[in-house]
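Chains A and B are the protein sequences, given in the same order.
Residue numbering for the first sequence follows the working numbering, beginning at 14 and increasing consecutively.
Residue numbering for the second sequence follows the working numbering, beginning at 14 and increasing consecutively.
In what follows, a structure is listed as structure tokens, so that the remarks can point back to it.
Number of protein chains: 2
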Amino acid sequence: MTASLHDLRPTASPSLEPLVQLTAADMNAVNQVILSRMQSQVPLIPELAGHLIAGGGKRMRPMLTCASAALCDYTGSRHHKLAAAVEFIHTATLLHDDVVDGSGMRRGKRTANLIWGNPSSVLVGDFLFSRAFELMVEDGSLKVLKILSHASAVIAEGEVAQLTAQRQIATNEDTYLHIIEAKTAALFSAACKIAPVVAEAGDDAEQALEAFGRNLGIAFQLVDDAIDYTSEEATSGKSLGDDFREGKMTLPIILAYARGQEADRAFWREAVSGDRVSDDDLAHAIRLLRDTQAISDTLERARLYARRALDAIAGFSNGKARAALTEAVEFAVARAY
Amino acid sequence: MTASLHDLRPTASPSLEPLVQLTAADMNAVNQVILSRMQSQVPLIPELAGHLIAGGGKRMRPMLTCASAALCDYTGSRHHKLAAAVEFIHTATLLHDDVVDGSGMRRGKRTANLIWGNPSSVLVGDFLFSRAFELMVEDGSLKVLKILSHASAVIAEGEVAQLTAQRQIATNEDTYLHIIEAKTAALFSAACKIAPVVAEAGDDAEQALEAFGRNLGIAFQLVDDAIDYTSEEATSGKSLGDDFREGKMTLPIILAYARGQEADRAFWREAVSGDRVSDDDLAHAIRLLRDTQAISDTLERARLYARRALDAIAGFSNGKARAALTEAVEFAVARAY
Chain A
14 MTASLHDLRP
24 TASPSLEPLV
34 QLTAADMNAV
44 NQVILSRMQS
54 QVPLIPELAG
64 HLIAGGGKRM
74 RPMLTCASAA
84 LCDYTGSRHH
94 KLAAAVEFIH
104 TATLLHDDVV
114 DGSGMRRGKR
124 TANLIWGNPS
134 SVLVGDFLFS
144 RAFELMVEDG
154 SLKVLKILSH
164 ASAVIAEGEV
174 AQLTAQRQIA
184 TNEDTYLHII
194 EAKTAALFSA
204 ACKIAPVVAE
214 AGDDAEQALE
224 AFGRNLGIAF
234 QLVDDAIDYT
244 SEEATSGKSL
254 GDDFREGKMT
264 LPIILAYARG
274 QEADRAFWRE
284 AVSGDRVSDD
294 DLAHAIRLLR
304 DTQAISDTLE
314 RARLYARRAL
324 DAIAGFSNGK
334 ARAALTEAVE
344 FAVARAY
Chain B
14 MTASLHDLRP
24 TASPSLEPLV
34 QLTAADMNAV
44 NQVILSRMQS
54 QVPLIPELAG
64 HLIAGGGKRM
74 RPMLTCASAA
84 LCDYTGSRHH
94 KLAAAVEFIH
104 TATLLHDDVV
114 DGSGMRRGKR
124 TANLIWGNPS
134 SVLVGDFLFS
144 RAFELMVEDG
154 SLKVLKILSH
164 ASAVIAEGEV
174 AQLTAQRQIA
184 TNEDTYLHII
194 EAKTAALFSA
204 ACKIAPVVAE
214 AGDDAEQALE
224 AFGRNLGIAF
234 QLVDDAIDYT
244 SEEATSGKSL
254 GDDFREGKMT
264 LPIILAYARG
274 QEADRAFWRE
284 AVSGDRVSDD
294 DLAHAIRLLR
304 DTQAISDTLE
314 RARLYARRAL
324 DAIAGFSNGK
334 ARAALTEAVE
344 FAVARAY
């Protein structure tokens, strides 16, 4: 590992492997908690939850909790239940998101709502969300409960704000950033911050890991929103142009619209309002995004937030954990290439 | 008030008024918390939440928290936030229920999902649920958090179990009781039990109020399920026969099916599987329910649970609070007449 803070080159081939290695033992324990606590006397619950939980997710958020604990030189095991709680909250929001978006594909598989129907996805999401709070209560830290209950409320607010902005061409970059900070960065941030809380690493460590998670979450979502226009289904696990067809006002569209000639702006207005959903329209949209540098500038902003994330944890002395987190950040922003 | 424990007569005209009077000052404070804490920077959230929260609900569950606190001679104010949290959890489940059932009417008004769409109802429900946990965390009692996070998980399990039993003619009374204990009685029970916790009234008081709430909740749901076949839209706030058309296996149908002749059983099989949804079919169903005493026996069971609820709180010395709760229980079972 020779990553340095200010050299986030698209030509590097960073990997999640160091993070996976660093957290392997912890994640075994976390996975045990996840599997045992998603059980229920009602068979549909583990069946549906297992489809998503076992279904190819990278477990990025609980890995971040574990890596943050390592960064704080924590040697206990309290973070295992809490990392599982974080994953349950994330899974609950995915189940509800897919209902909200009417999605049919997630991580390269058919979505739960497509297989079991929207009602089951809504209710099993509610179950996982409640179970997450039960896990936190078992741990017993009111500070952790405060961080994660607040994050959950912020996530829901972000999702409603995103719904409100959908098909609204006037959505600007500030509004977009506010939405992704809420719907994505809040949980990344909380997942990282709870580690110094259980490690009793102090206020500075909490603030540093809060900032690390928040900036990484923003970078992560920016890259996701770029990938929606650049990637193939086989690698992203979802269909190219999903956001386009749903009229989601992500940064690539916001930049392309702001920079476009009048004819292009007319195209975007029609597309966002739902009147341009063919494959030809998508191909035209991608051409416009490239011509206006909307994709490359979205990724440039992602790299900015990634740098901020790395600066936030520059003061921690655990070199191995810091190196693994650094390469994970680089991996997050390199996914789009 | 001259109600006695073992005289739950259908001819009495009990009222909620003593409960409303007993809890009026507390409920003013609770309503302040509800109104201030359903706010958000995202305008759709208070708009949608307010539709349901301001929309004619009796606030039965937070009133039960307040009355239970009075029963324990509690003079503090901690229960105000917690009663608001209970109402938020209840409102979140109503929002999600209406999405799950595809309901169009609730409390005599159009449902939120009909006005704002399913996505908004799902997400605002998630917000209220998270906000409920934030309120509990502010109070700071891990015991209360444990009671309500567990109740929330049980509610979700009950809702999934109900979904699984839908259109399944083989559903029996035990399964039905298990479902309503989870989806309805768990929150009644938790709403009552948290009062002796904040009042530090001791284990016996907690167990008594837990049993009171649980039995009242079961009675309440049994009556609700009878009303679905007996009441007019104007009084119940929902349409006659909603459960019938949705193929919900409630106790009236379970009893009528078990007691019916073969021709009647064939009718129920067709009805529950969704092949008998006309007004004539509903009229025929109601005749069969009456002929088999399915409605009156459902209500008789409700009275049994109501008696158990009253027996559970017989040992409390606060006569005014006990009288108000007693009449509220009588009111709950008298609604069907």
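In this text, a Cβ means the ideal position worked out from N, Cα and C, and glycines have one as well.
These figures come from a predicted structure and were not determined experimentally.
### Query
What are the boundary residues of the alpha helix (DSSP H) that Ser165(B) is part of?
In the second sequence, residue 165(B) corresponds to position 152, counting from 1. That run of the alpha helix (DSSP H) goes 155–178.
### Collapsed DSSP secondary structure at Met40(A) in the structure displayed
Residue 40(A) sits at position 27 when you count from the first residue of the first sequence. Helix at Met40(A).
#### Entry: the stretch 120–134 of chain B: positions lying closer than 8 Å to chain A by Cβ
Asn131, Pro132, Ser133
#### Entry: Supposed close pair Val204(B), Thr78(B) - CB separation, criterion 8 Å
Counting from one through the second sequence, the residue named residue 204(B) turns up at place 191. Counting from one through the second sequence, the residue named residue 78(B) turns up at place 65. The sequence given here places Ala at residue 204(B); Val does not occur at that position. Yes, Ala204(B) and Thr78(B) are in contact; Cβ-Cβ is about 5 Å, under 8 Å.
#### Entry: Beta carbon of Pro209(A) nearer than 7 Å to that of Ala195(A)
Residue numbering aside, residue 209(A) sits at position 196 when the first sequence is read from its first letter. Residue numbering aside, residue 195(A) sits at position 182 when the first sequence is read from its first letter. Contact flag unset, no.
### Beta-carbon proximity list for Ala174(B), same chain, < 6 Å, skipping 5 on both sides
Stepping through the second sequence from its first residue, residue 174(B) is reached at position 161. For Ala174(B), where only same-chain residues beyond five positions count, the Cβ hits under 6 Å are Ile192.
### Buried or exposed (CB count within 10 angstroms, at least 16 for buried), Pro31(B)
Translated into the one-based positions of the second sequence, residue 31(B) becomes position 18. Flag for Pro31(B) reads buried.
#### Entry: Gly332(B) versus Val342(B) - alpha carbon distance
Against the second sequence, residue 332(B) aligns to sequence position 319. Against the second sequence, residue 342(B) aligns to sequence position 329. Rounded to the nearest angstrom, the two C-alpha atoms are 15 Å apart.
### Task
Just mark Gln234(A) as buried or exposed, buried being the case when its beta carbon has 16 or more other beta carbons within 10 Å.
For the purposes of this step, residue 234(A) is identified with residue 221 of the first sequence, where counting begins at 1. Result: buried.
### Query
Which same chain residues, not among the five before or five after Ala327(B), have their C-beta less than 6 Å away from its C-beta?
Position 314 of the second sequence, counted from the first residue, corresponds to residue 327(B). The answer is none, since no qualifying residue turns up.
### Message
Given this structure, state the Cα-to-Cα distance separating Gly273(B) from Pro132(A), to the nearest angstrom.
### Response
Against the second sequence, residue 273(B) aligns to sequence position 260. Against the first sequence, residue 132(A) aligns to sequence position 119. Going by the C-alpha atoms only, they are around 32 Å apart.
#### Entry: Met118(B) - DSSP class collapsed to helix/strand/coil
Here the question's residue 118(B) lines up with position 105 in the second sequence. Looking at Met118(B) - three-state DSSP - the assignment turns out to be strand.
### Message
Here's a check: name, in chain order, each residue in its chain whose Cβ is nearer than 8 Å to the Cβ of Gly130(A), leaving out the five neighbours to either side.
### Response
Here residue 130(A) is taken as the residue at index 117 of the first sequence, counted from 1. Cβ within range, chain order: n/a, list empty.
#### Entry: Lys156(B), buried or exposed, once every other Cβ within 10 Å from all chains shown has been counted against 16
One-based indexing of the second sequence puts residue 156(B) at position 143. By the 10 Å Cβ count, Lys156(B) comes out exposed.
### Query
Nearest-angstrom Cα distance between Thr106(B) and Gly138(B)?
Here the question's residue 106(B) lines up with position 93 in the second sequence. Here the question's residue 138(B) lines up with position 125 in the second sequence. Looking at the two C-alpha atoms, the distance is approximately 7 Å.
### Task
Could you confirm whether any beta carbon from chain A is found closer than 7 Å to the beta carbon of Ala153(B)?
Position 140 of the second sequence, counted from the start, is the residue given in the question as residue 153(B). Contrary to the premise, residue 153(B) reads as Gly rather than Ala in this sequence. Output row for Gly153(B): interface = yes.
### Query
For chain B, is any of its Cβ atoms less than 7 Å away from the one on Arg144(A)?
Indexing the first sequence from 1 puts residue 144(A) at position 131. Closer than 7 Å to some Cβ of chain B, the Cβ of Arg144(A) qualifies, so yes.
### Message
Which of the three DSSP states is assigned to Arg123(B) in this structure?
### Response
Position 110 of the second sequence, counting from 1, holds the residue named residue 123(B). Residue state, collapsed to three classes: strand.
### Task
Would you mind stating whether Gly254(A) and Leu295(A) have Cβ atoms separated by less than 7 Å?
Here residue 254(A) is taken as the residue at index 241 of the first sequence, counted from 1. Here residue 295(A) is taken as the residue at index 282 of the first sequence, counted from 1. Yes, the Cβ-Cβ distance between Gly254(A) and Leu295(A) is below 7 Å.
### Query
Does the beta carbon of Ala16(B) come closer than 7 Å to any beta carbon on chain A?
Counted from its first residue, the second sequence places residue 16(B) at position 3. With a pLDDT of 42 at Ala16(B), under the threshold of 50, the predicted position of this residue should be treated as unreliable, though the coordinate-derived value follows. No, because no Cβ of chain A sits closer than 7 Å to the Cβ of Ala16(B).
### Message
Tyr318(B) and Ala232(B) - do their beta-carbons sit closer together than 7 Å?
### Response
Start at 1 with the first residue of the second sequence, and residue 232(B) comes out as number 219. Start at 1 with the first residue of the second sequence, and residue 318(B) comes out as number 305. Yes, these two residues count as a Cβ contact at 7 Å.
#### Entry: Under 7 Å from the C-beta of Lys159(A): neighbouring residues of chain B
In the first sequence, counting from the first residue as 1, residue 159(A) sits at position 146. Under the 7 Å cutoff, chain B gives Val150.
### Message
Using the Cβ count rule (16 or more neighbours within 10 Å means buried), how would you classify Ala345(B)?
### Response
By one-based count along the second sequence, residue 345(B) stands at place 332. The residue in question, Ala345(B), is buried, as its Cβ has 16 or more Cβ neighbours within 10 Å.
### Message
Suppose you measure from the CA of Leu264(A) to the CA of Glu186(A); what does that come to, to the nearest Å?
### Response
Walking along the first sequence from the start, residue 264(A) turns up at place 251. Walking along the first sequence from the start, residue 186(A) turns up at place 173. Looking at the two C-alpha atoms, the distance is approximately 7 Å.
### Query
From Ala322(A) to Lys206(A), what distance separates their C-alpha atoms?
Mapped onto the first sequence, residue 322(A) falls at position 309. Mapped onto the first sequence, residue 206(A) falls at position 193. Rounded to the nearest angstrom, the two C-alpha atoms are 13 Å apart.
### Query
With burial defined as no fewer than 16 other Cβ atoms inside 10 Å of the residue's Cβ, what is the status of Ala16(A): buried or exposed?
In the first sequence, counting from the first residue as 1, residue 16(A) sits at position 3. Model confidence at Ala16(A) stands at a pLDDT of 42, short of 50, so the residue's coordinates are unreliable; what they give is reported in the following sentence. Buried is the call here.
### Query
How many whole angstroms separate the CB atoms of Leu268(A) and Ala307(A), which I take to be in contact at a CB cut-off of 8 Å?
Within the first sequence, residue 268(A) is the residue found at index 255, counting from 1. Within the first sequence, residue 307(A) is the residue found at index 294, counting from 1. At roughly 4 Å, the Cβ-Cβ gap stays under 8 Å, so Leu268(A) and Ala307(A) are in contact.
### Task
May I have the straight-line CA-CA distance separating Leu141(A) from His103(A), to the nearest angstrom?
Taking the first residue of the first sequence as 1, we reach residue 141(A) at position 128. Taking the first residue of the first sequence as 1, we reach residue 103(A) at position 90. The alpha-carbon atoms of Leu141(A) and His103(A) are separated by roughly 9 Å.
### Task
Would you grab the beta carbon distance between Glu147(B) and His163(A) for me? Rounded to a whole angstrom, and I think it's under 8 Å.
The residue labelled residue 147(B) in the question sits at position 134 within the second sequence. The residue labelled residue 163(A) in the question sits at position 150 within the first sequence. Right, the Cβ-Cβ distance comes to about 6 Å (below 8 Å), so this counts as a contact.
### Query
What separation, rounded to the nearest whole angstrom, lies between the Cα atoms of Arg74(B) and Ala98(B)?
For the purposes of this step, residue 74(B) is taken as the residue at position 61 of the second sequence. For the purposes of this step, residue 98(B) is taken as the residue at position 85 of the second sequence. One C-alpha to the other measures close to 10 Å.
### Query
So Ala360(A) packs on Arg227(A), CB below 8 Å; how close in whole Å?
As displayed, chain A neither begins before 14 nor continues past 350, which places residue 360(A) out of reach and without an answer.
### Task
Compare the C-alpha of Leu29(B) against each of His64(B), Leu48(B), Ala80(B) and name the closest.
Taking the second sequence and counting its residues from 1, one reaches residue 29(B) at position 16. For the residues His64(B), Leu48(B), Ala80(B), the minimum Cα distance to Leu29(B) belongs to Ala80(B).
### Task
Can you grab the Cα-Cα spacing for the pair Arg120(A) / Glu259(A), in whole Å?
The sequence position of residue 120(A) within the first sequence is 107, counting from 1. The sequence position of residue 259(A) within the first sequence is 246, counting from 1. Taking the straight line joining both Cα atoms gives about 18 Å.
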